[in-house]
Amino acid sequence: MDMYDGLHFWSRRSVYKPGSQLDEMTIRKVEQQLGYSLPQSYKNLMKKQNGGDLAYRYFVFADGEAIIIPYLFELDEESGVGMSPIFVEQCGLPEKLVLLTGDLDAWVALDYRQEKPTIVYLIQDENGMWEEIEIAQSFSQFINRLMKK
Numbered sequence: 001m002d003m004y005d006g007l008h009f010w011s012r013r014s015v016y017k018p019g020s021q022l023d024e025m026t027i028r029k030v031e032q033q034l035g036y037s038l039p040q041s042y043k044n045l046m047k048k049q050n051g052g053d054l055a056y057r058y059f060v061f062a063d064g065e066a067i068i069i070p071y072l073f074e075l076d077e078e079s080g081v082g083m084s085p086i087f088v089e090q091c092g093l094p095e096k097l098v099l100l101t102g103d104l105d106a107w108v109a110l111d112y113r114q115e116k117p118t119i120v121y122l123i124q125d126e127n128g129m130w131e132e133i134e135i136a137q138s139f140s141q142f143i144n145r146l147m148k149k
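The opening residue of the sequence shown carries number 1 in full-length UniProt numbering; numbering runs sequentially from there.
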């Protein structure tokens, strides 16, 4: 498997449609709506393409288990990342999360419960409880651990 090397992050073919091209005003509005300043490395990546399918879509845990992260949500006030507060509440997730991708059973999120945001993976167990694993100490560290076949 190839590790992400800083190039060609987004898949050329995207089932998950990217959002509109980002500008600084939109980013500020989304940050204000969420109540958090997003990591600069995340904002820079989203300016290149506002969400969509990933070319590097595998994340391998220390124990060798892997998850597939097919896409990142678009950075928008009314969809994608902007929907984080609604999904956090509806799914019973911990507060202070910004959801980067996921579905109703598993999420990858920026976790703002600490001084600096970390990246967490949350998965619902068979009892409906959320299991939470910190997978990176920063967004940059997270994307640099993504792999492709």
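The beta-carbon is built from N, C-alpha and C at its ideal position, and this holds for glycine as well. As the structure is a computational prediction, the values presented were derived from the model and not from experiment.
Item to check | Cβ-Cβ separation, Y112 to Y36 (assumed contact under 8 angstroms), whole Å | outcome: Contact check for Y36 and Y112: beta-carbon distance about 5 angstroms, within the 8 angstroms limit, so the pair qualifies.
Checklist entry - According to the Cβ coordinates, are I69 and T101 closer than 7 angstroms? => result yes
Next on the checklist: Contact defined as beta carbons within less than 8 angstroms: I believe W10 pairs with L75. What is the distance between those atoms, to the nearest angstrom?
Outcome noted: The Cβ separation is near 14 angstroms, so there is no contact.
Checklist entry - Does the separation of the CB atoms of Y58 and M147 fall below 7 angstroms? => result At the C-beta level, Y58 and M147 come within 7 angstroms of one another.
Next on the checklist: For K48, which residues in the same chain have their Cβ closer than 8 angstroms to its Cβ, ignoring the five residues on either side in sequence?
Outcome noted: F9, W10
Checklist entry - Roughly how many angstroms lie between the CA atoms of M25 and E77, to the nearest whole one? => result 11 angstroms
Next on the checklist: If distances are taken between C-alpha atoms only, which option among V60, S84, N44 comes closest to I135?
Outcome noted: V60
Next on the checklist: To the nearest angstrom, how far is the alpha carbon of K116 from that of R13?
Outcome noted: 33 angstroms
Item to check | Endpoints, alpha helix (DSSP H) assigned at Y42 | outcome: 40 to 48
Checklist entry - Who does A136 pair with in a DSSP beta bridge? => result I119
Item to check | Spatially closest choice to P18 from M46, L38, L110, V30, by CA coordinates | outcome: M46
Checklist entry - Mapping DSSP to helix, strand and coil, what is G35? => result coil
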